[in-house]
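Taking full-length UniProt numbering, the leading residue of the sequence shown gets 97, the next gets one more, and so forth. Backbone N, C-alpha and C define an ideal beta-carbon position, used for all residues, glycine too. In this text the structure is predicted, and so the values were computed from the model without any measurement. The structure appears right after this line, and notes come after that.
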Amino acid sequence: RGGRPEREIPFIQPGSLTRVYAVASGKGGVGKSSVTANLAAAMAADGVRVGLVDADIYGHSAPRMLGVEGSRPTVVDSMIMPIPAHGVKLISTEMFKQDRDTPVAWRGPMLHRALQQFLTDVYWGDLDILLLDLPPGTGDVAISLAQLMPNAEIVVVTTPQLAAAEVAERAGSIAIQTHQQVAGVIENMSYLPCPHCGDEHRLEIFGSGGGQLVADGLGRRLGASIPLLGEIPIDIGLRESGDVGIPFVLKEPDAPASAALRDAARRL
Ligand code: ADP
97 RGGRPEREIP
107 FIQPGSLTRV
117 YAVASGKGGV
127 GKSSVTANLA
137 AAMAADGVRV
147 GLVDADIYGH
157 SAPRMLGVEG
167 SRPTVVDSMI
177 MPIPAHGVKL
187 ISTEMFKQDR
197 DTPVAWRGPM
207 LHRALQQFLT
217 DVYWGDLDIL
227 LLDLPPGTGD
237 VAISLAQLMP
247 NAEIVVVTTP
257 QLAAAEVAER
267 AGSIAIQTHQ
277 QVAGVIENMS
287 YLPCPHCGDE
297 HRLEIFGSGG
307 GQLVADGLGR
317 RLGASIPLLG
327 EIPIDIGLRE
337 SGDVGIPFVL
347 KEPDAPASAA
357 LRDAARRL
């Protein structure tokens with residue numbers, strides 16, 4: 097054990113008013129990071145004081161999606177200053193990599209330590225909401241998080257596809273073992289509004305019903321009613337805005353996908 101005393105995690109202290117949400121998914125590519133970055137930006141635009149921990153160690157994409165890729169945090173009085181990005185206070189493993197081409201190859205205990213450091217050694221100030229972008233699946237980070245912050249509630253992101261919903265439910269059901277709450281489910285890529293006739297005709301590219309299925313399944317397992325917080329349509333602009341670092345909810349606030357993301361953010 098090193099010389100300096102362990103710092104406390106501020107968000108688990110009695111009297112902390114910060115609500116903590118960990119965004120999880122069963123597998124990669126369902127849009128967990130896109131959804132999380134947009135939820136954070138939507139909250140900030142609503143005046144919510146929001147922090148985001150990009151704990152998706154291997155697939156960290158929050159800095160790019162929020163337009164601060166390559167930023168390096170400063171250290172003041174031995175506290176790490178989070179990077180401000182569209183009103184969101186952001187910290188990511190990407191910020192601590194040697195160079196962008198070296199993959200992170202951390203093992204369980206190091207992951208735990210990194211997550212703990214993000215929670216104790218970062219100067220978050222007063223936050224209303226802290227979001228954590230978890231790696232996909234039910235891995236070490238989810239378990240570490242549950243140990244460090246048993247008060248974190250889980251938000252599950254899935255696509256409508258039944259096969260995706262099954263693995264998403266498995267990821268969400270980790271909450272049973274860790275005695276955490278599930279705040280709700282967000283279905284992403286729910287449908288593509290018809291390019292010719294608009295929202296009236298929806299192309300269900302990945303099928304339908306996965307989000308509700310996960311909410312119902314987790315509700316049964318947890319003996320609680322788990323809400324479906326939103327159904328986010330596919331929008332080419334959402335993908336593009338993530339690539340250029342401007343959250344879609346800010347870039348095209350009137351798009352149906354932005355409205356759905358904003359509604360989901362307000363329900364948290
Ligand atoms: P995950 O974090 O689950 O791995 P990402 O957020 O990285 O997923 O999304 C995977 C890809 O899909 C990205 O290229 C992203 O821009 C795109 N994407 C996510 N959600 C949508 C959506 N609703 N419409 C269009 N593209 C999307």
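Inter-residue spacing [alpha-carbon to alpha-carbon] between residue i and residue j
| i | j | result |
| --- | --- | --- |
| L162 | R317 | 35 Å |
| L325 | Q213 | 30 Å |
| D312 | G235 | 23 Å |
| L364 | A279 | 7 Å |
| L357 | D195 | 33 Å |
| R97 | H208 | Confidence is the limiting factor: at R97 the pLDDT is only 47, short of 50, which leaves the residue's position unreliable and the question unanswerable from this model. |
| P323 | A361 | 13 Å |
| L227 | L244 | 14 Å |
| G204 | G124 | 19 Å |
| G333 | K128 | 16 Å |
| V310 | L113 | 29 Å |
| G338 | P231 | 18 Å |
| K347 | D222 | 27 Å |
| P110 | R160 | 35 Å |
| I108 | H297 | 46 Å |
| N247 | D229 | 16 Å |
| G306 | I187 | 31 Å |
| A141 | S304 | 30 Å |
Counted within 10 angstroms of its Cβ, other Cβ atoms place residue i as buried (16 or more) or exposed
| i | result |
| --- | --- |
| D152 | buried |
| Q276 | buried |
| T189 | buried |
| D350 | exposed |
| E104 | exposed |
| E327 | buried |
| H182 | buried |
| E300 | exposed |
Presumed contact (8 Å Cβ cut-off) between residue i and residue j, rounded CB distance
| i | j | result |
| --- | --- | --- |
| V345 | A138 | 5 Å |
| V281 | V252 | 5 Å |
| T255 | V131 | At roughly 11 Å, the Cβ-Cβ gap does not stay under 8 Å, so T255 and V131 are not in contact. |
| G122 | A267 | 4 Å |
Host alpha helix (DSSP H) of residue i (start-end)
| i | result |
| --- | --- |
| G333 | 332 to 340 |
| R115 | Premise fails: R115 lies in the beta strand (DSSP E), 115 to 121, not in any alpha helix (DSSP H). |
| T274 | 270 to 274 |
| L215 | 204 to 216 |
| L318 | 306 to 318 |
| I239 | 236 to 244 |
| T254 | Looking at the DSSP string, T254 is not in any alpha helix (DSSP H); the run it does join, the beta strand (DSSP E), is 249 to 254. |
Enclosing beta strand (DSSP E) for residue i [first to last residue]
| i | result |
| --- | --- |
| K185 | 184 to 188 |
| L148 | 146 to 150 |
| A181 | 179 to 181 |
Task: Any heavy atom of the ligand ADP within less than 7 Å of residue CB: hits in chain order - done: S121, G124, G125, V126, G127, K128, S129, S130, V131, D152, G155, S157, P232, V253, N284, M285, I328, P329, I330, D331, I332, L334, R335, G338, D339, A353
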